[in-house]
Structures are given as structure tokens and as C-alpha cells.
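Q:
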Amino acid sequence: MDDPIIVGIRNLNVTAGKNPILKDINISIPRNKITVIMGPSGCGKTTLLKCMNRLTDLYPELKVTGEVMIDNKNVLEAHEDIYKIRQQMGLLSQRPYPLPMTIYNNIAYAIRLRGVHNRREIHRLVVHYLQQANLWDEIRTRLKEPASRLSIGQQQRLCLARGLAVNPEIILADEPTSALDPISSQAIEQTFLKLKNNYTIILVTHILRQARRIADHVVFMYMGDVIEQGSVREVFENPKMEKTKLYLGGTFN
Amino acid sequence: MYILNRQQRHFVNSSWMIISLLLVTLLPFFLFFGLYLKSTYLLHDYSVFDLIFSKTWKPASGQFGFYPFIVGSIWVTLLAMLFTAPVCLLTAIYVTQYTRKIVLRIMHPAIDILAGIPSVVYGLWGILVIVPFISKYLGPLFGIKTMGYSILAAAFVLSIMIIPFILNILIEIFRSIPMELKEAALSLGATQWQTIKQVILKKALPGIIAAFGFGLARAFGETMAVLMVVGNVVKLPGNIFDPGYTLPALIANNYGEMLSIPRYDSALMFAAFLLLAVSLFFNLIMHFFIVKYNKY
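Chains as they are written, first to last, in the numbering used here: chain A, 777 to 1029; chain B, 18 to 313.
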């Protein structure tokens, strides 16, 4: 692989009590590409994502060892700088969870957290990120409304805009379209394709067609192991491992 | 074999449910109306305004001023809430946001024990511990001579009594906030404290108000423990070390002993009516705030 690497994961192990969730994971994620992590439910995709921005801290029962290098910094060893590191990554979760604020403040909150306090600058950025997430035209007159009044698809794009508002390099998306209708899903996918020039996108999904549509790089996981990784053509058209062939053939899910 | 067919059984069952529903919904209105009817005898001779704002309570000479009781009740209740509310809120935040689940599992039985103690036992505890503590230490500390039987003692005992009710609701509310909301705030680079203050508390606000309102209503109606330590002196309390009297205590202390005095019985019914009215008033205010903050 010739692309520059932005996330390098080495010997990552996660256990919950005695149960291994991730086993000796080694992954390289190329910069400014869409990397899709796919695999059946319960294979550890979400946990892997949470290791990257250290949301694993929230679950004291998880033990994480190994290395998650982002820009040559081991995320797992970060202390005080963890807040800065988390801002390098925008998170988009399975279902939208807008903050209990107005639409405007959902974005402004993220902007303030990165240290911008000039009101005019905040306003300019709010508009900018809402446009980037393809939401501005729909809600420009509703900025003062509670975010919870938006439709689910709009909320998810709001969450994407909020994720972009911390000015990240990476977007972590955990099955971001699984709760959405086809049109909203498509809007999110289109936005991703547009965003990949400026961001690295790591997308967890179990929708094979989605992976095929938008992925540049694919990681296939099964039961806490990485089975195969490579470019989308390698993995989809010429899978090397038996498990990958079976999964792509729809034998298990 | 059934006597009725399926449709008929459906009809019978749903009728029962509707009747139960009606019973539950109408009961408060009957109660309200009944108390009103019982107190009309008093209301016939005095204006409501006079009854509520007059300070003299001399049933034998026909003077029924409820002001001292109303003020006493409100002081005791609000003071108790002032002690309890911050403690409960901080405890609930701590056990749900900072500790491992095991702590909560140990704490729950402890809270439930607190809820299960009869109020007369709380009253005894107040007489044996709180009252002497106030008269011996707390009063002199502020340069005040007090018997210990006081508004403060009642508020103290009450504040402990209502902890389990408020705390249990608060814990449930904080637990019901989805983990993903926390993750969202943290992923934006917020610290844990920022997340709690700016996101979780905001999300929980309607629930917090409801919990406090529930505690307030309980405190306002609490009878036994309060009447044991509040002093039962019909006087407007000047400060919190003064003894006082509350509406529930008035009813409990005197009902059954007032047969020879005209209108006394009706006056106590009016006290009960007031009690209900004030509780309802608290409820309405609470409801207003819940609706106001529930939009997120």
C-alpha cells in the first residue's frame, strides 16, 4: 500500500473480564480515503472504533492494551491531551443523539469546545458546517428550534455537522445509516464521498452494498479478529481468505 | 368451557379497566369536594381571606386563623428541601456518572431501608438526637436560646426522611440518559464535568424538577415525625430556632377532641382542604416547569 497512513493499530487487545473482544488487531488506515470496517454483528467493529477516540474509558470493565497510533501519537497512552485527541476525530453513531440544545447550539457547542469564542466567527462556522453536511438549506429558518424536532435523517446530518465542527482529520462513523430511510442514507453517503478529499473516513457497516459503493479500503473482521484487509477491489473481487468469501457470498451474517 | 364468548369476555374485561380508571381519576375530585363540603360550615361565617391570613387561633372564642400553620408548614418544607435537594442531586450524579455499577448495587438496599423506616421512628430519632443537638450546640453557636423543638429540627428530620424518595427517582432519571449522548459530548472534546453540566443535567432537568416536586409534596404532608419535633406552638416563627406548628400536625393533634367547640370540626376540615390545595398548587408549578424544559 502506497498511501500515507493516518491510523496505525498494532497488537490491539481488548478484553471484558475474561472474554476477549478484540484479538491482536493490526490495521493501517490510509489518509483521505474511506476505509470500511465490515463484519457480522458482535465481531468488535464498534469497540475498535471506540478504542480510537478512547470512549472505551467510559466502560471500566474493558481492558485495552496495544497501540493505536494517530499522527504518531499513541492514543491509549494519552492523559491530559485526550480531549485534544478526541477532537481530531468526529463521531457519528448508529442513531443520532443531538445534544439537548437548539439546532444552532448543537454546532456552536462543538465550535466553542475547540476554543473559538468570537460570535461572528462561530456563526460563520455553524453555517459552513451545516452546509457541508447538506443540511443548511432545509433548516436555515429553524436554527432556534430544539434539535430533537428534526427528523431522524436530519438529526443524523446534524450530528455529522457537529462532528465536523471540532475540525477533525478523521470521521468515525458507526453504522451511521442503519436507522435511516434510503434517501437520508444516500445523503449521508454522498456527503462522505464529498468529504473524503479533506477527511479520512472510517466507516463501520454491515451493509455490503454500501461498502462496495463507497469504500476505498476494506477491513473484514470476524469474532474479534481481522481476517482480511486491502483495497476494495482486492477484497471484494479477489478475496484470499475462505471466511471472507463465505461472508461476501452471504453465507453468514 | 366459558359461559361468555370471546367478544363478550373482551367487553367485560375492558369495562373493568374503564371502571378502575374512572375510580382512580375521580377519587381526588371526590376528596376535594368532600373536604370542601365539610368545611362549608366554617366558610359560611368567615371569609377565606380572613381564615388564611388571620394570625389568631382561639377556637374556644371562635377565632380561626390559619396563617401560623400555613407559614409553619411552608418553612419546614422549604428548609427540608434546601437541605436535601443538593445532597440528593450530587449523590445521584456521583453514583451514576463516576462510580462502577457495583456501588449502586450496594447503595440501593441502604436507600430502601431508609424508605422503609416508619415515620414515628424518625420522630423518635429527632427527639433523642436532633432536638438536644439543637438546644445544646447549634442554638448556642448562633447565640440563641432554644428548647430544640423547632422549625429547624422538623426540617432536619424531614430532610432525611425524603432522601430515599427523591434519590431513587433521580438515580433512575440519570440512568435512563443514553450512554451515546455522553459519548457524543465526550467525542467533541468535552471533559466529563462539562458533559455532566452542559449536557446530562440539561437533558435530565424535567425529571429533576419532577423528583423535587414529589419530595416537596411528601414533605408538606408528613405528619407524625414533624409533630413530634416541631414544638406545636401556635405562633408565627421568628427564626428557624423557634417552635412552630404545621397543618398536618394541627389536624392530627386535635381531631377527635373538638366535639364541644362549635365549628372546630369544620375548621380542621378546612385545614385538610388547605393542605390539599397547597399540594395541588406545588404540583401545578412543577408541571409548568416540566413542560417548559421538556422540549429537548
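Heads up, the beta-carbon is just placed ideally off N, CA and C, and yes, glycines get one too.
Take B/PHE81 as the anchor and find which of B/GLN114, B/PHE70 and B/MET196 has the nearest alpha-carbon.
A: Your numbering for residue 81 of chain B matches position 64 in the second sequence. It is B/PHE70.
Q: I'd like to confirm the pairing. Which residues does DSSP put opposite B/PHE81 in its beta bridges?
A: What you label residue 81 of chain B is simply residue 64 of the second sequence in a count that begins at 1. For B/PHE81, which the question treats as bridged, DSSP gives the partners B/TRP74.
Q: Note down, in chain order, each residue of its chain lying with its Cβ closer than 7 Å to the Cβ of A/ALA755, except the 5 sequence neighbours on either side.
A: No statement about residue 755 of chain A is possible, as the shown extent of chain A runs from 777 to 1029 and does not include it.
Q: Could you check the C-alpha separation between B/ALA77 and B/LEU267 for me, to the nearest Å?
A: Here the question's residue 77 of chain B lines up with position 60 in the second sequence. Here the question's residue 267 of chain B lines up with position 250 in the second sequence. Each residue's Cα considered, the two are about 15 Å apart.
Q: Report the three-state DSSP secondary structure of A/HIS993 (helix, strand or coil).
A: In the first sequence, residue 993 of chain A corresponds to position 217, counting from 1. The DSSP-derived three-state label of A/HIS993 is strand.
Q: Roughly how far, in whole angstroms, is the beta-carbon of A/MET997 from the beta-carbon of A/ILE813, given that I think they are within contact range, below 8 Å?
A: On the first sequence, position 221 is the one that residue 997 of chain A refers to. On the first sequence, position 37 is the one that residue 813 of chain A refers to. Confirmed, about 6 Å.
Q: I need the boundaries of the alpha helix (DSSP H) containing B/PRO45, first residue and last residue.
A: As a working note, residue 45 of chain B is residue 28 in the second sequence. Residues 23-62.
Q: Please list, in chain order, all residues of the same chain as B/LYS162 whose beta carbon is under 7 Å from its beta carbon, the five residues on each side excluded.
A: Locating residue 162 of chain B in the second sequence gives position 145, counting from the first residue. The beta carbon of B/LYS162 lies closer than 7 Å to those of GLY156 in the same chain, with the five residues before and after it left out.
Q: Any beta-carbon of chain A closer than 9 Å to the one on B/LEU211?
A: Residue numbering aside, residue 211 of chain B sits at position 194 when the second sequence is read from its first letter. The residue asked about is misnamed: residue 211 of chain B is Gln in this sequence, not Leu. For B/GLN211, the answer is yes, since a Cβ of chain A falls inside 9 Å of its Cβ.
Q: Within its chain, find whatever has a CB closer than 6 Å to the CB of B/LEU96; leave out the 5 residues flanking it on each side and keep chain order.
A: Walking along the second sequence from the start, residue 96 of chain B turns up at place 79. ALA172, listed in sequence order.
Q: Figure out for me which residue from A/ASN808, A/LYS809 and A/VAL844 has the closest Cα to the Cα of A/ASP800.
A: Residue numbering aside, residue 800 of chain A sits at position 24 when the first sequence is read from its first letter. Measuring from the Cα of A/ASP800, the nearest candidate turns out to be A/VAL844.
Q: Which residue from A/ILE883, A/LEU825 and A/ILE858 puts its Cα closest to that of A/CYS935?
A: Counting from 1 along the first sequence, the entry for residue 935 of chain A is found at position 159. Ranking A/ILE883, A/LEU825 and A/ILE858 by Cα distance to A/CYS935 puts A/ILE883 first.
Q: Which ranges does the beta strand (DSSP E) cover as unbroken runs of at least 3 residues, wholly within the region 823-889 of chain A, from first to last along the chain?
A: 838-846 and 865-868
Q: Is B/MET124 near the ligand NAD - that is, is its Cβ less than 8 Å away from at least one heavy atom of it?
A: In the structure shown, the ligand NAD is absent, as is every other ligand, since no ligand is present at all.
Q: When the Cβ atoms of the region 836-843 of chain A are set against those of the region 1002-1015 of chain A, are three or more pairs found closer than 8 Å?
A: no
Q: Chain A beta carbons: is any one of them nearer than 9 Å to that of B/HIS304?
A: Against the second sequence, residue 304 of chain B aligns to sequence position 287. False, the Cβ-Cβ gap to chain A never drops below 9 Å.
Q: Of all the options B/THR94, B/ASN185, B/TYR154 and B/SER64, which has the alpha carbon lying nearest to the alpha carbon of B/PHE83?
A: To locate residue 83 of chain B, count along the second sequence from 1; it is residue 66. If we check each option's Cα against that of B/PHE83, B/SER64 comes out closest.
Q: Answer with buried or exposed for B/HIS27, where buried requires no fewer than 16 other C-beta atoms within 10 angstroms of its C-beta.
A: Taking the first residue of the second sequence as position 1, residue 27 of chain B is located at position 10. With fewer than 16 Cβ atoms within 10 Å of its Cβ, B/HIS27 is classed as exposed.
Q: Along the chain, which unbroken stretches of the alpha helix (DSSP H) at least 4 residues long are found entirely within the region 188-219 of chain B?
A: 196-204
Q: A/SER804 lies in the beta strand (DSSP E); which residues open and close that run?
A: To locate residue 804 of chain A, count along the first sequence from 1; it is residue 28. For A/SER804, the enclosing beta strand (DSSP E) stretches over residues 795-806.
Q: Rounded to a whole number of angstroms, what is the C-alpha to C-alpha distance between A/GLY1051 and A/ARG989?
A: This structure does not reach residue 1051 of chain A, given that chain A is present from 777 up to 1029, and the question cannot be answered.
Q: How would you call B/GLU200, buried or exposed, if buried means at least 16 neighbouring beta carbons within 10 angstroms?
A: Residue numbering aside, residue 200 of chain B sits at position 183 when the second sequence is read from its first letter. Burial call: buried.
Q: Whole angstroms is fine: what's the gap from B/LEU205's alpha carbon to A/LYS849's?
A: Taking the first residue of the second sequence as position 1, residue 205 of chain B is located at position 188. Taking the first residue of the first sequence as position 1, residue 849 of chain A is located at position 73. In a straight line, the C-alpha of B/LEU205 is about 19 Å away from that of A/LYS849.
Q: Could you tell me whether the region 299-313 of chain B touches the region 238-245 of chain B, where touching means 3 or more Cβ pairs closer than 8 Å?
A: no
Q: Measuring straight from C-alpha to C-alpha, what distance separates A/ARG871 and A/THR953?
A: As a first step, residue 871 of chain A must be located in the first sequence, where it is residue number 95. As a first step, residue 953 of chain A must be located in the first sequence, where it is residue number 177. The straight-line gap from Cα to Cα measures roughly 8 Å.
Q: What is the DSSP secondary structure of B/VAL246, counted as helix, strand or coil?
A: Your numbering for residue 246 of chain B matches position 229 in the second sequence. Helix at B/VAL246.
Q: Compare the C-beta of B/LYS309 against all C-beta atoms of chain A and say whether one is closer than 9 Å.
A: As a position in the second sequence, residue 309 of chain B is number 292, starting the count at 1. No - not a single Cβ of chain A is within 9 Å of the one on B/LYS309.
Q: Using a Cβ-Cβ distance under 9 Å, would A/ARG896 count as near chain B?
A: Taking the first sequence and counting its residues from 1, one reaches residue 896 of chain A at position 120. False, the Cβ-Cβ gap to chain B never drops below 9 Å.
Q: Between B/ILE134, B/VAL216 and B/ILE177, which has its C-alpha nearest B/ILE147's C-alpha?
A: Mapped onto the second sequence, residue 147 of chain B falls at position 130. Among B/ILE134, B/VAL216 and B/ILE177, the Cα nearest to that of B/ILE147 belongs to B/ILE177.
Q: Can you tell me the Cα-Cα spacing of B/ALA207 and A/GLY891, whole angstroms?
A: Here residue 207 of chain B refers to the residue found at position 190 of the second sequence. Here residue 891 of chain A refers to the residue found at position 115 of the first sequence. Taking C-alpha positions only, B/ALA207 is separated from A/GLY891 by approximately 11 Å.
Q: Between A/LYS920 and the rest of its own chain, which residues show a CB-CB distance below 6 Å, the 5 nearest in sequence each way excluded?
A: On the first sequence, residue 920 of chain A is found 144 positions in, with the first residue counted as 1. THR878, listed in sequence order.
Q: Which class does B/ASP259 belong to by DSSP, given the choice of helix, strand or coil?
A: Looking up residue 259 of chain B in the second sequence gives position 242. DSSP places B/ASP259 in coil when its eight states are reduced to three.
Q: Taking only three categories from DSSP, how would you classify B/ILE110?
A: Numbered from its first residue, the second sequence carries residue 110 of chain B at position 93. In the three-state reduction of the DSSP assignment, B/ILE110 falls in the helix class, which pools H, G and I.
Q: Please say whether B/MET98 and B/VAL112 have beta carbons closer to each other than 9 Å?
A: Walking along the second sequence from the start, residue 112 of chain B turns up at place 95. Walking along the second sequence from the start, residue 98 of chain B turns up at place 81. For B/VAL112 and B/MET98, no; Cβs fall outside 9 Å.
Q: Give me the chain A residues within the contact set of B/MET196, using Cβ-Cβ distance strictly less than 8 Å, ordered along the chain.
A: Taking the second sequence and counting its residues from 1, one reaches residue 196 of chain B at position 179. Going along chain A in sequence order, the residues near B/MET196 (Cβ under 8 Å) are LEU834.
Q: With 9 Å as the limit, tell me which residues of the region 948-959 of chain A have their beta carbon closer than that to any beta carbon of chain B; keep them in chain order.
A: The residues in question are LEU948.
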